[in-house]
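Protein chains in written order, with numbering that gives the first Met the number 0: chain A, 0 to 134; chain B, 0 to 134; chain C, 0 to 134; chain D, 0 to 134.
Ideal Cβ positions, reconstructed from N, Cα and C, are used throughout, including at glycine.
Number of protein chains: 4
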Amino acid sequence: MTTVAEMLRTYPKDLGGVDREKLRDCIEACLDCSQTCTACADACLSEDMVAELTKCIRTCTDCADVCDTTGRVLSRHTGYDANLTRAVLEACAAACKACGDECAQHASMHEHCRVCSESCRRCEAACRELLAGLG
Amino acid sequence: MTTVAEMLRTYPKDLGGVDREKLRDCIEACLDCSQTCTACADACLSEDMVAELTKCIRTCTDCADVCDTTGRVLSRHTGYDANLTRAVLEACAAACKACGDECAQHASMHEHCRVCSESCRRCEAACRELLAGLG
Amino acid sequence: MTTVAEMLRTYPKDLGGVDREKLRDCIEACLDCSQTCTACADACLSEDMVAELTKCIRTCTDCADVCDTTGRVLSRHTGYDANLTRAVLEACAAACKACGDECAQHASMHEHCRVCSESCRRCEAACRELLAGLG
Amino acid sequence: MTTVAEMLRTYPKDLGGVDREKLRDCIEACLDCSQTCTACADACLSEDMVAELTKCIRTCTDCADVCDTTGRVLSRHTGYDANLTRAVLEACAAACKACGDECAQHASMHEHCRVCSESCRRCEAACRELLAGLG
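This is the structure we're talking about:
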């Protein structure tokens, strides 16, 4: 059991109707994607062909920030606001879609972009799964 | 002229069709709102009646994170992606609306909530202004 | 193999003399501690005795921010600066020590504080391990 | 009066022996430096000679994150911990020194680096002023 699951289990009040497993998956995917995007932006910066990767660096940096904030918002349950959760998840799915698409274009040449693209796809899917369950 | 305006002026490439003044206003409003929300969550935490302010603390903490990320995304122009900018601005407007409403309920009793509510209103308006201009 | 390890493996240039395993452990500990502290601050906020947990909430919130930034700095290798890495790791160890001590005081009463305290201890240890190896 | 000053004024408990003006200056300098560094990293990314600015981009990105976290920690007063504040300010001064030095090397060629270097110098000085007063 990861710490994310343990923190969901030990939250002292009711978590509402949320699907606990999807919530855990989404928080973990956000953390993973944020770190991977931060590292991929930096790896791109160290490539000899950095001049051709500037859009990728920007998209990774944005995605890292958006996933970071989304993981934080999803880790809080007190005074839950479905509207805010929905808007944040939509923004996160958009950031992961943009970054996943961009990194996929460089995946055959740069392995860090392949790993990052896959992490973005997982996070986008986890956000959409959670969104679908918000009703 | 603030540093935000100076950084927009010295960006080496074209900024596209964006309204530079609205962009500057929105970045500044995000920075201000993020700091104010961080401080208001902490001020609520030091009130004797903290038990009645838990929803306010949560909403402020979320709003601080979302405004922070929005200010960062808006400060980048390389490889601009209108879809992502729009989704992030929508999330920021939602966070500021929720926090502005919540703090407004405590504004007559806690001056920090009044100041915070006004900062949230300004940031929500700035996000909507910028959104309207994105086409 | 976690994504953190994959991103270290696929970084295109030399990582210098750093102990790759300790670096991975520390990045993972920072991510875990940041999320756990965010969740613990929120769990404390939902406890009936929140008025007695205000210092804990503050310490958790600070620790979440410091671990977040530390995880980001450690995920970058381009233009490595040992002085900055050292100062950031010192701040992170201090934040984890403070939060681990504070949460330990509530661990017998609140399980989320026990989980959080353990996450802080692991992160503090990982920072000190990495610091010791920086020479 | 800025919002930072208003939030310090409306904090409901005693702020301790801190020099309120230096604290306000430092919080404002952290916000300004964080935004400026985020924008300078992006501006460097759009320069034709980006390959010669990779260290600058990395240093700016780190400095943005560290200043962001420092501004947050300084905006909280509940359960104040001088050790943590000191360690965070030391890390922030180190980040601003590194970034101010790096950007200064490009200041004559890139105006955004000049603006950023000056913002880093102001933030480093504000951190050191506050540190000196912590006793």
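- Among the residues facing chain D, Gly-132(C) is not included, as its CB has no counterpart in that chain under 9 Å away.
- The Cβ atoms of Cys-98(D) and Cys-36(D) lie closer than 9 Å to each other.
- In this structure Arg-19(A) is exposed. Its beta-carbon is surrounded by fewer than 16 other beta-carbon atoms within 10 angstroms.
- About 6 Å separates the CB atoms of Pro-11(A) and Ala-42(C); that is less than 8 Å, so the two are in contact.
- In this structure, the CA atom of Val-87(A) is about 5 Å from the CA atom of Ala-90(B).
- Contacts with chain A at 9 Å (Cβ-Cβ) include Asp-67(B).
- Pairing Gln-34(A) with Ala-63(A) gives a Cβ-Cβ distance under 9 Å.
- Assignment of Thr-9(B) by DSSP, reduced to helix, strand and coil, places it in the coil class.
- In this model, Ser-118(A) and Cys-39(D) are separated by some 28 Å (Cα to Cα).
- Against chain B, the CB of Val-17(D) has no partner CB under 9 Å away; the residue lies outside that interface.
- At least one CB atom of chain C sits nearer than 9 Å to the CB of Cys-55(D).
- Judged by their CB atoms, Ala-125(A) and Lys-21(A) are nearer to each other than the 9 Å cut-off.
- Around the beta carbon of Thr-2(A), 16 or more other beta carbons lie within 10 angstroms, which makes this residue buried.
- Taking a C-beta distance under 9 Å as the contact criterion, Ile-56(A) and Thr-77(B) qualify as a contact pair.
- When rounded, the separation of the alpha-carbon atoms in Cys-59(D) and Lys-96(C) is 28 Å.
- Contiguous alpha helix (DSSP H) elements confined to the region 24 to 74 of chain D occur at 53 to 73, taking only those with 4 or more residues.
- If you check each beta-carbon in the region 68 to 99 of chain C against every beta-carbon of chain A, the ones closer than 8 Å belong to Gly-70, Arg-71, Ser-74, Arg-75, His-76, Thr-77.
- Annotation: Thr-35(B) has no Cβ neighbours in chain A at a cutoff of 7 Å; minimum Cβ distance is about 17 Å.
- Not one beta carbon of chain D lies nearer than 9 Å to the beta carbon of Thr-58(B).
- Rounded to whole angstroms, the gap between the alpha carbons of Lys-54(B) and Glu-101(B) is 8 Å.
- Inter-residue distance for Glu-46(B) and Leu-133(A) is about 33 Å (C-alpha atoms, whole angstroms).
- Non-local C-beta neighbours of Leu-130(C) in its own chain, meaning closer than 6 Å and more than five positions away in sequence, comprise Leu-88, ordered along the chain.
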